[in-house]
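Worksheet for the structure shown next.
Residue numbers (my numbering): 1 to 128.
Have a look at this one:
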(Lines of atoms letter the chains of each structure in order from A and count residues from 1; the text may use other names and numbers.)
(Lines give C-alpha, C1' and ligand atoms only; values in the text may rest on other atoms or scores of the structure.)
Protein backbone atom coordinates (compact mmCIF):
# COMPACT_ATOMS: atom_id res chain seq x y z
CA UNK A 1 0.00 0.00 0.00
CA UNK A 2 1.49 3.40 -0.94
CA UNK A 3 2.33 5.82 1.85
CA UNK A 4 0.07 8.80 2.51
CA UNK A 5 2.64 10.63 4.68
CA UNK A 6 3.32 13.83 2.69
CA UNK A 7 6.91 14.01 3.95
CA UNK A 8 7.72 10.76 2.13
CA UNK A 9 5.26 11.00 -0.75
CA UNK A 10 6.00 14.46 -2.19
CA UNK A 11 9.38 15.89 -3.27
CA UNK A 12 11.01 18.20 -0.76
CA UNK A 13 7.89 18.39 1.44
CA UNK A 14 8.29 20.81 4.36
CA UNK A 15 6.15 22.54 7.00
CA UNK A 16 6.99 25.80 8.76
CA UNK A 17 5.54 29.01 10.17
CA UNK A 18 5.79 32.56 8.84
CA UNK A 19 5.62 35.03 11.73
CA UNK A 20 4.81 38.73 11.49
CA UNK A 21 5.54 40.70 14.66
CA UNK A 22 3.35 43.66 15.65
CA UNK A 23 0.83 43.07 12.88
CA UNK A 24 -1.59 46.00 12.44
CA UNK A 25 -5.05 45.56 10.93
CA UNK A 26 -6.67 48.44 9.01
CA UNK A 27 -8.98 48.93 12.01
CA UNK A 28 -5.98 49.84 14.17
CA UNK A 29 -6.17 46.60 16.16
CA UNK A 30 -2.81 44.89 16.52
CA UNK A 31 -1.47 41.44 17.25
CA UNK A 32 1.93 41.12 18.84
CA UNK A 33 2.51 38.02 16.70
CA UNK A 34 0.61 36.78 13.66
CA UNK A 35 1.59 33.24 12.66
CA UNK A 36 0.75 31.66 9.31
CA UNK A 37 1.49 27.95 9.12
CA UNK A 38 2.33 26.62 5.67
CA UNK A 39 3.43 23.54 3.77
CA UNK A 40 5.59 23.46 0.66
CA UNK A 41 6.62 20.82 -1.82
CA UNK A 42 8.85 20.88 -4.84
CA UNK A 43 11.86 23.10 -5.42
CA UNK A 44 11.74 26.84 -6.10
CA UNK A 45 13.38 27.87 -9.35
CA UNK A 46 14.60 31.46 -9.59
CA UNK A 47 15.21 33.83 -12.46
CA UNK A 48 18.30 36.03 -12.76
CA UNK A 49 16.72 38.66 -10.49
CA UNK A 50 16.06 36.06 -7.78
CA UNK A 51 12.29 35.85 -8.26
CA UNK A 52 10.61 32.46 -8.01
CA UNK A 53 9.31 31.50 -11.45
CA UNK A 54 7.57 28.19 -10.69
CA UNK A 55 5.67 29.08 -7.51
CA UNK A 56 2.01 28.21 -7.00
CA UNK A 57 0.16 29.52 -3.94
CA UNK A 58 -2.91 27.43 -3.12
CA UNK A 59 -5.26 29.44 -0.93
CA UNK A 60 -7.81 28.10 1.51
CA UNK A 61 -11.31 29.26 2.09
CA UNK A 62 -11.96 31.01 5.37
CA UNK A 63 -11.86 27.81 7.40
CA UNK A 64 -9.34 25.45 5.86
CA UNK A 65 -5.83 24.18 6.36
CA UNK A 66 -3.16 23.41 3.81
CA UNK A 67 -3.54 19.75 4.77
CA UNK A 68 -6.81 19.72 2.81
CA UNK A 69 -4.79 19.85 -0.41
CA UNK A 70 -2.97 16.67 0.64
CA UNK A 71 -5.98 14.34 0.81
CA UNK A 72 -4.79 11.37 -1.26
CA UNK A 73 -7.66 11.46 -3.75
CA UNK A 74 -7.06 15.16 -4.49
CA UNK A 75 -3.28 15.34 -4.15
CA UNK A 76 -2.54 12.51 -6.56
CA UNK A 77 -4.73 14.17 -9.21
CA UNK A 78 -3.06 17.57 -8.72
CA UNK A 79 0.56 16.95 -7.75
CA UNK A 80 1.42 13.53 -9.16
CA UNK A 81 3.71 12.94 -12.14
CA UNK A 82 2.19 14.40 -15.31
CA UNK A 83 -0.64 16.12 -13.42
CA UNK A 84 -1.47 19.86 -13.69
CA UNK A 85 0.67 20.84 -10.67
CA UNK A 86 3.32 18.13 -10.91
CA UNK A 87 5.36 18.61 -7.72
CA UNK A 88 8.53 17.73 -9.62
CA UNK A 89 8.14 20.95 -11.65
CA UNK A 90 6.36 23.45 -9.39
CA UNK A 91 7.09 24.97 -5.98
CA UNK A 92 3.73 24.63 -4.24
CA UNK A 93 2.77 26.59 -1.12
CA UNK A 94 -0.32 25.64 0.92
CA UNK A 95 -1.12 27.82 3.95
CA UNK A 96 -3.46 27.32 6.88
CA UNK A 97 -6.14 30.00 7.10
CA UNK A 98 -6.03 32.29 10.12
CA UNK A 99 -7.92 30.66 12.95
CA UNK A 100 -7.17 27.13 11.70
CA UNK A 101 -4.46 24.50 11.87
CA UNK A 102 -1.07 25.86 12.89
CA UNK A 103 -1.92 29.50 12.13
CA UNK A 104 -2.81 32.04 14.81
CA UNK A 105 -6.23 31.54 16.38
CA UNK A 106 -8.24 32.82 19.35
CA UNK A 107 -7.35 29.77 21.45
CA UNK A 108 -3.71 30.91 21.30
CA UNK A 109 -4.64 33.70 23.71
CA UNK A 110 -5.77 36.10 20.99
CA UNK A 111 -9.37 36.25 22.22
CA UNK A 112 -9.24 40.05 22.48
CA UNK A 113 -9.04 40.32 18.71
CA UNK A 114 -12.25 39.34 16.97
CA UNK A 115 -10.47 39.87 13.66
CA UNK A 116 -8.38 36.72 13.93
CA UNK A 117 -11.35 34.58 12.88
CA UNK A 118 -12.50 36.88 10.08
CA UNK A 119 -9.78 36.43 7.48
CA UNK A 120 -11.96 37.91 4.76
CA UNK A 121 -11.84 41.30 6.48
CA UNK A 122 -8.19 41.54 7.42
CA UNK A 123 -5.52 43.47 5.63
CA UNK A 124 -2.35 45.23 6.56
CA UNK A 125 -2.70 48.99 6.98
CA UNK A 126 0.43 49.53 4.84
CA UNK A 127 -0.74 47.47 1.88
CA UNK A 128 -4.51 47.92 2.11
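Glycine included, C-beta positions come from ideal geometry on N, C-alpha and C. These numbers were taken from a predicted model, which means no experiment stands behind them.
In the three-state DSSP reduction, residue 26 falls in the coil class, being neither helix nor strand.
Taking the Cα positions, residue 98 is about 7 Å away from residue 36. Per DSSP, the continuous beta strand (DSSP E) segment holding residue 56 begins and ends at 55 to 58. Around the beta carbon of residue 14, fewer than 16 other beta carbons lie within 10 angstroms, which makes this residue exposed. When Cβ pairs closer than 8 Å are counted between the two stretches, the stretch 17 to 34 is seen not to touch the stretch 61 to 71, the count staying below three. Taking residue 39 as the centre and dropping the five residues before and after it, the same chain places the C-beta of 15, 66, 94 closer than 6 Å to its C-beta, in chain order.
The C-alpha of residue 80 lies about 12 Å from the C-alpha of residue 92.
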